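Residue numbers 1374 to 1779, in my numbering, belong to the letters of the sequence shown in order. Cβ coordinates follow ideal geometry from the N, Cα and C atoms, glycine included. Because the structure is a prediction, the values reported are computed rather than measured.
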Amino acid sequence: MKRISLWLFFLIMFGYASSTSAASIYQVYQNDKWLKNFEEKMEAIVYAKRWSHSSVRLEQQWIWNNYPYQIYQNEKWLKEIERYSEAIDFAKKWENASVRKMPGDAWVWDNYPFEVYLDNQLLDTFHQLIEAVAFSKKKLGSMVKRKGDSFTLYENQAQYQVYQNENLLRQFTSLSAAVTYAKKWDYSRIIRKKDQKVLWQYRDTLKGFTLHHAPLIKQNPELPRGCEVTSVAMLLNEGGVPVHKLELAEQVVKDPAPFKRLKNGRASWGDPNRGFLGNMYDLSKPGLGVYHEPLSFLIHSHTKGNGLDLTGMEFKDVLYFLEKGHPIVTIITSRFRPVHDWVSWEGPRGLVRTTYREHAVLLVGYDHKYVYVNDPLSGQKNRKLDRSSFEQGWIQMGRQALTYMR
């Protein structure tokens, strides 16, 4: 009996110890020194925050790190930093540097991340997206990708095909040009070359009205000049792409040209077609906004290349895409009608003419008399506006509109 009792005692104790160790799966380390195990993830993270250079691991895989941004030069590790902005500032001091975020070791920044390809051959790499796009525009058939991504941010090639029945009529680099051409032909349709998706069809049956229940996101108080990125945030979140407006504000291409007063009384500044101008966060500093092309890069990067730039179309063709299930980011005036207070300055590629009343909203619905928008500035959801006035103001701002294929 005594032997059996001892055997049962050790069996029970061993089983208890095994079950306890199996349950304690979240391991806290300081550098490579093990500190403690936890059953609950949040308990492990709370404990780990007490220690510098600590991490939480699950079966030896990092799931949390209090210095998550790792700076590398090529493949040589340089430093680890807690904050993203500080990591970028440090990495900018080094040639061929990159910032990777733990866990997962994913690249989040690279000082030459943009690659231009032609026929699958790498032509060049660039520090800024606007530089890569400018280079690609000189090379017909080329495309711009971010290092490590398979999808394209910009394509200087014919990606939109116009068919009549089964006959290929013509190919276009611009979706707007493809729609204009396709409308001339009976039984035509537009197909996106890379995935053979039908984007537009001749005489598609439309109701003449629609309303989407997209989420409302307000730009203030964080982004008093962030109507464009906030509208993109609403578009993406409506389609199931969870992204924060502040993340988009950080990611959108910036034109770094400073505002200057020239001796001849004129001014020089950047170009909103190249990137966001000025300060998005502080109205006491110079700032304006950004136009459709940099926003299209932003949408592409969050939808794996599925953005659609509708800029240049007739308004009724934009409404076609709206009724087909795609809310539209539109560049409009803050008065939602044409305005007369325009300004101009010398830009990097010539004269830039615009208005400080430039605004962006998410177009979510329409009928024969009104359009309905989610306005990030006023904070109004499904705001009803006169359709004719809105259209004229939109035309005045260059017919700029963007969405993406779900």
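{"Asked": "Three-way DSSP call (helix, strand, coil) for His-1675 in this model", "Found": "helix"}
{"Asked": "Residues sharing a beta bridge with Glu-1573, DSSP", "Found": "Reading off the sequence, residue 1573 comes out as Trp, not Glu. Answer by DSSP bridge pairing, in chain order: Ile-1563."}
{"Asked": "Inter-stretch contact at 8 Å, needing at least 3 Cβ pairs: the stretch 1599-1611 / the stretch 1721-1738", "Found": "yes"}
{"Asked": "Beta-carbon proximity list for Ser-1761, same chain, < 6 Å, skipping 5 on both sides", "Found": "none"}
{"Asked": "Cα-Cα separation, Asp-1559 to Tyr-1575", "Found": "7 Å"}
{"Asked": "Same chain only: Cβ atoms within 8 Å of Gly-1514, ignoring 5 sequence neighbours per side", "Found": "Leu-1491, Asp-1492, Asn-1529, Gln-1530"}
{"Asked": "Inside the stretch 1411-1460 only - beta strand (DSSP E) runs reaching at least 3 residues", "Found": "1427-1431, 1434-1438, 1442-1446, 1449-1454"}
{"Asked": "Residue of Asn-1469, Gly-1698, Val-1614, Thr-1583 minimising C-alpha distance to Asn-1484", "Found": "Asn-1469"}
{"Asked": "Meets three-Cβ-pair contact criterion under 8 Å: the stretch 1563-1573 and the stretch 1535-1551", "Found": "yes"}
{"Asked": "Which listed residue (Thr-1728, Leu-1542, Met-1770) has its alpha carbon closest to that of Ser-1717", "Found": "Thr-1728"}
{"Asked": "Rounded straight-line distance, which links the Cα of Val-1614 to that of Ser-1471", "Found": "26 Å"}
{"Asked": "C-alpha distance - Val-1744 paired with Lys-1757, whole-angstrom precision", "Found": "6 Å"}
{"Asked": "Residues bridged to Gly-1613 [DSSP beta-bridge criterion]", "Found": "Answer by DSSP bridge pairing: none, since Gly-1613 is not bridged."}
{"Asked": "As assigned by DSSP and simplified to three states, the class of Glu-1687", "Found": "coil"}
{"Asked": "For Val-1489 and Ser-1509, believed in contact at Cβ under 8 Å, the rounded distance", "Found": "5 Å"}
{"Asked": "C-beta contact flag for Glu-1662 and His-1673 at 8 Å", "Found": "The sequence shown places Gly at residue 1662, not Glu. Result no, Cβ atoms of Gly-1662 and His-1673 do not sit closer than 8 Å."}
{"Asked": "Spatial distance of Ala-1395 from Leu-1431 (CA atoms)", "Found": "Unreliable positioning characterises Ala-1395 in this predicted model, as indicated by a pLDDT of 48, which lies under 50. A coordinate reading is not provided."}
{"Asked": "Pick from Pro-1588, Ala-1417, Arg-1634 that is closest to His-1617, judged by C-alpha positions", "Found": "Pro-1588"}
{"Asked": "Three CB pairs or more closer than 8 Å across the stretch 1630-1637 and the stretch 1737-1751", "Found": "no"}
{"Asked": "Presumed contact (8 Å Cβ cut-off) between Lys-1627 and Gly-1660, rounded CB distance", "Found": "That pair is no contact at about 11 Å."}
{"Asked": "DSSP three-state assignment for Ala-1606, whether helix, strand or coil", "Found": "helix"}
{"Asked": "Sub-8 Å separation of Val-1725 and Pro-1667 beta-carbons", "Found": "no"}
{"Asked": "Per-residue burial, Thr-1776 [other beta carbons within 10 Å of its own, 16 or more giving buried]", "Found": "buried"}
{"Asked": "Counted within 10 angstroms of its Cβ, other Cβ atoms place Thr-1525 as buried (16 or more) or exposed", "Found": "buried"}
{"Asked": "First and last residue of the uninterrupted beta strand (DSSP E) at Ala-1470", "Found": "1470-1474"}
{"Asked": "DSSP-derived helix/strand/coil call for Asp-1740", "Found": "coil"}
{"Asked": "Inter-residue spacing [alpha-carbon to alpha-carbon] between Val-1605 and Gln-1592", "Found": "11 Å"}
{"Asked": "Run of the beta strand (DSSP E) containing Gly-1723, from where it starts to where it stops", "Found": "1723-1728"}
{"Asked": "Reference Thr-1578; option with closest CA among Glu-1412, Lys-1474, Lys-1697", "Found": "Lys-1697"}
{"Asked": "Distance CB(Ala-1464)-CB(Ile-1436) smaller than 8 Å", "Found": "no"}
{"Asked": "CB contact flag (Met-1516, Tyr-1527, <8 Å)", "Found": "yes"}
{"Asked": "DSSP-derived helix/strand/coil call for Ser-1651", "Found": "Note on residue identity: the sequence assigns Gly, not Ser, to residue 1651. Strand."}
{"Asked": "Rounded C-alpha distance that separates Arg-1782 from Asp-1690", "Found": "For the chain, the structure presents residues 1374 to 1779; residue 1782 sits outside this window and is missing."}
{"Asked": "DSSP-derived helix/strand/coil call for Val-1552", "Found": "helix"}
{"Asked": "Buried or exposed (CB count within 10 angstroms, at least 16 for buried), Asp-1682", "Found": "buried"}
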